[in-house]
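Chains as they are written, first to last, in our numbering: chain W, 1 to 312; chain H, 1001 to 1312. Cβ coordinates follow ideal geometry from the N, Cα and C atoms, glycine included. To keep things clear, I will list the structure first and then write my remarks on it.
Number of protein chains: 2
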Amino acid sequence: MSVVESASPPPRARGLYVPVLTPFLPDLSVDESRFLDHCRWLLDHGADGLAVFGTTSEANSLGIEEKLDLLALLIEAGIPPERLMPGTGTCAIPDTVRLTRAAVSDGCAGVLMLPPFYYKGISDDGLFASIDAVIQGVGDSRLRIYLYHFPHLSQVPIPAAVIGRLIEAHPETVVGLKDSSGNWDNTRALLEHFPGFSVFPGSEAHLLDALRLGAPGCITATGNVNPMGIKAVIDGWKSPEAEALQTRAGQVRALFSDRPLIPALKAVMAMARDAPTWRLPRPPLLAMDETDGAVLAATLRELGVDLNDAVT
Amino acid sequence: MSVVESASPPPRARGLYVPVLTPFLPDLSVDESRFLDHCRWLLDHGADGLAVFGTTSEANSLGIEEKLDLLALLIEAGIPPERLMPGTGTCAIPDTVRLTRAAVSDGCAGVLMLPPFYYKGISDDGLFASIDAVIQGVGDSRLRIYLYHFPHLSQVPIPAAVIGRLIEAHPETVVGLKDSSGNWDNTRALLEHFPGFSVFPGSEAHLLDALRLGAPGCITATGNVNPMGIKAVIDGWKSPEAEALQTRAGQVRALFSDRPLIPALKAVMAMARDAPTWRLPRPPLLAMDETDGAVLAATLRELGVDLNDAVT
């Protein structure tokens, strides 16, 4: 393993990280201009960082080259790399290494890493070997990995035993995890079991509880439309208003619980920005019905969520 | 859709197609020399075609660039493209289009196409739109798609309703399917429901039954080690020996049914070629124990399977 020591490692990620939605043009190529606008709007409205290329970003519907190009675009546009946590995990170690190397060399705060997710029922040893091989392949001491546990979609869970082994083998590198299991018992167990390890809940549904157990923040899809509401919980968790702030954020989140999450978020963006193309996901996802989107956007406004505040 | 008409379309694939194992060097890069040797050995020993970059090939553990490079290697080495059916389906339409275009422009017989497999629980409309978008993106009338139905690993089944819609929309392009469901009832239903559509069972377990219902052959992992035995069933299915040939092929297949398939096949290759590195898969898969591999290879020899015949 060749370790590069060319720059100081990034500080640990904290606060609200948003898996940034990826807007498309009518031909389903990436709308780079709207993507940049949305990134800037998020950073101006409560997001501490951008987990670009997450599930909500439809990262796995983007080609490897597209992701490399978009990351370069963000850096060239002046988005501070220390506020970026790109998703870089693919099925194949070479592609994961390639994306991860780009993120590290750009100075990103860290990477959010899905395990290889094609083969199912893999062993703990095989899962450990996969992440270990990526770390060896990247070979850069600045690398900070936040594991991405999303068993519902990846169908490859990251068990606590593997997390423990990775922390032991790479204590400076494997520093955190996003728990998108939707299972609060799992999040709580990880927070209690691995103190000092940055466990980000993948939703704000139990954010206050998580913060009280030491979570550094959260990484959540609905941060795309309610960044200020979620950030308020993180900033105010020790205040007398903490429960009320959590309740409000939870109400917004609940609006999306029985809707297809990505199409619903995009429909809200389309209404808020008066930009119909914002509705478009890439197949296999399909756009939400316009009427449903309008109802959702109106309900959000009733809850006090205003996406038109200071659009950049 | 811009359609290129630069060459005649390939004939429909028939016979035994083998999802070629991908051998690695100790550093887990592809052992190109052994890969080529194995491809040639298969074509000399019963394989009608090579379904390179299938599940058994660990295609999803190979980077996009690696697959493009390996395909170029095969063509340059003189492997006839009309005997190639590369797997080209990835999670992302741009990568799938890129790989598929390369295969079409090389003159391959067809491509074996997984649907996008990251998002789960997708709609029939979304699945149809995905394959349709790839066809539009490739934009070449020579394209022949064999859909790849492998619900256990992809977790994205291809329902009969979607197959029917794809055939109707693209009758010249969507010409077949590999059914790796392991569910004979599904294979039979597809053969009966879509006459003229090339339904390849993904295993030789029910090969004779499938041939009798019009299957054009099969695409099977164990073709890597028993190509002649499986080819004999295809060639002899109308002969008096048909049942005996099926029984023999089935006995070989059964050896792998309670073993991890890819590591077991690689262990057999390592014994047969006296090449320990043949054992190595890429993570998340792990190599089979050497003792287990030796037992398996010995049992294969007892069944009359001889991989040392005329190694090229």
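> What are the residues that DSSP puts in a beta bridge with G217 of chain W?
Replying inline: Answer is W:G15.
>> Measuring straight from C-alpha to C-alpha, what distance separates L1245 of chain H and P1081 of chain H?
In response: About 30 Å.
> Hey, how far is the Cα of A1313 of chain H from the Cα of V1252 of chain H?
Replying inline: The shown model of chain H, from 1001 to 1312, leaves out residue 1313 of chain H, and the question about it has no answer.
> Considering F1128 of chain H, what are the terminal residues of the alpha helix (DSSP H) in which it resides?
Replying inline: From DSSP, the alpha helix (DSSP H) with F1128 of chain H extends over D1124 to V1138.
> So, G1164 of chain H versus D1048 of chain H, is the Cβ gap smaller than 8 Å?
Replying inline: No, they are not a contact pair.
> Would DSSP call D1044 of chain H helix, strand or coil?
Replying inline: DSSP places D1044 of chain H in helix when its eight states are reduced to three.
>> Could you compute how far the alpha carbon of Y1148 of chain H sits from the alpha carbon of P260 of chain W?
In response: Their Cα atoms are separated by approximately 26 Å.
> Taking only beta-carbon atoms, is Q1155 of chain H less than 8 Å away from chain A?
Replying inline: Looking at the structure shown, chain A is missing, and the protein chains on hand are W and H.
> Is the number of C-beta pairs between the stretch 185 to 196 of chain W and the stretch 258 to 278 of chain W that are closer than 8 Å three or more?
Replying inline: They do not touch, by the three-pair rule.
> How would you label A1092 of chain H, buried or exposed, when you count the other beta carbons within 10 angstroms and need 16 or more for buried?
Replying inline: A1092 of chain H is buried by the Cβ-count criterion.
> Mind pulling the alpha helix (DSSP H) runs of 4 or more residues that sit fully within the stretch 1033 to 1100 of chain H?
Replying inline: Those alpha helix (DSSP H) runs which fall completely within the stretch 1033 to 1100 of chain H and span 4+ residues are 1064 to 1076.
>> Please confirm whether P1086 of chain H has its beta-carbon closer than 8 Å to some beta-carbon of chain W.
In response: At least 8 Å separates the CB of P1086 of chain H from every CB of chain W.
> Nearest chain H C-beta to Y148 of chain W closer than 8 Å, yes or no?
Replying inline: No, no contact with chain H.
> Beta-carbon of I93 of chain W versus every beta-carbon of chain H: anything under 8 Å?
Replying inline: Under the Cβ distance rule, I93 of chain W counts among the residues neighbouring chain H, one pair being separated by less than 8 Å.
>> Can you determine whether any heavy atom of the ligand MN sits closer than 7 Å to the C-beta of G214 of chain W, and answer yes or no?
In response: What this structure holds is no ligand at all, so the ligand MN is not there to describe.
> Straight-line CA distance for D1124 of chain H to A169 of chain W?
Replying inline: Their Cα atoms are separated by approximately 44 Å.
> So which residues of chain W does I1167 of chain H contact, with C-beta pairs closer than 7 Å?
Replying inline: Contacts between I1167 of chain H and chain W, judged by CB atoms closer than 7 Å, are missing: the closest CB pair is about 18 Å apart.
> Helix, strand or coil for I1234 of chain H per DSSP?
Replying inline: I1234 of chain H falls in the helix class under three-state DSSP.
> According to a CB-to-CB cut-off of less than 8 Å, which residues of the stretch 1098 to 1126 of chain H neighbour chain W?
Replying inline: Listed in sequence order: R1098, P1115, P1116, F1117, Y1118, Y1119, K1120, I1122, S1123, D1125 and G1126.
> So, is D1179 of chain H buried or exposed, given that buried needs 16 or more other C-beta atoms within 10 angstroms?
Replying inline: Classification for D1179 of chain H: buried.
> So, does the CB of R1282 of chain H fall closer than 8 Å to a CB anywhere in chain W?
Replying inline: Residue contact with chain W for R1282 of chain H: present (Cβ-Cβ distance below 8 Å to some residue of chain W).
>> Rounded to whole angstroms, what is the Cα-Cα separation between P365 of chain W and L166 of chain W?
In response: Beyond the ends of chain W as shown, which are 1 and 312, falls residue 365 of chain W; an answer cannot be given.
>> Measuring alpha carbon to alpha carbon, tell me which residue in H:L1099, H:V1018, H:L1071 and H:G1054 is nearest E1032 of chain H.
In response: Scanning H:L1099, H:V1018, H:L1071 and H:G1054 for the CA closest to the CA of E1032 of chain H turns up H:L1071.
> Can you tell me whether G304 of chain W is buried or exposed, with buried defined as 16 or more other CB within 10 angstroms of its CB?
Replying inline: Around the beta-carbon of G304 of chain W, fewer than 16 other beta-carbon atoms lie within 10 Å, marking it exposed.
>> In the DSSP output, what is H1149 of chain H paired with across the bridge?
In response: Answer is H:D1179, bridged to H1149 of chain H.
>> Let me check understanding here. Comparing Cα to Cα, which of H:G1202, H:R1142 and H:L1177 lies closest to V1018 of chain H?
In response: With distances taken between CA atoms, V1018 of chain H lies nearest to H:G1202 out of H:G1202, H:R1142 and H:L1177.
>> So the candidates are H:E1172, H:G1176, H:V1175 and H:L1207; which of them puts its Cα closest to the Cα of D1185 of chain H?
In response: Looking only at H:E1172, H:G1176, H:V1175 and H:L1207, the smallest Cα-Cα distance to D1185 of chain H is reached by H:L1207.
>> Tell me the DSSP secondary structure of M113 of chain W in three-state form.
In response: Per DSSP, reduced to three states, the secondary structure at M113 of chain W is strand.
> Shortest alpha-carbon distance to R273 of chain W belongs to which of W:R282, W:M85 and W:H38?
Replying inline: Nearest C-alpha to R273 of chain W: W:H38.
> Which residue or residues does DSSP assign as beta-bridge partners of P1201 of chain H?
Replying inline: Looking at the DSSP assignment, P1201 of chain H forms a beta bridge with H:D1179.
>> Along the chain, where does the alpha helix (DSSP H) containing A1249 of chain H start, and where does it finish?
In response: Element bounds for A1249 of chain H: A1242 to A1254.
> How should S29 of chain W be labelled, buried or exposed, when 16 other C-beta atoms within 10 angstroms of its C-beta is the threshold for buried?
Replying inline: Label assigned to S29 of chain W: exposed.
> When the cut-off is 8 Å and only beta carbons count, does L1286 of chain H lie next to chain W?
Replying inline: Chain W, which has a Cβ nearer than 8 Å to the Cβ of L1286 of chain H, makes this yes.
>> Nearest by alpha-carbon distance to I158 of chain W: which of W:A109, W:D140, W:G139 and W:V199 is it?
In response: Out of W:A109, W:D140, W:G139 and W:V199, W:V199 has the C-alpha closest to the C-alpha of I158 of chain W.
> Cα separation between N308 of chain W and T1220 of chain H?
Replying inline: Each residue's CA atom was taken as its position, placing N308 of chain W and T1220 of chain H some 56 Å apart.
> Can you name the residues of chain W whose CB is closer than 8 Å to the CB of N1226 of chain H?
Replying inline: Contact note: N1226 of chain H does not reach chain W at a C-beta cutoff of 8 Å; the least C-beta distance is about 23 Å.
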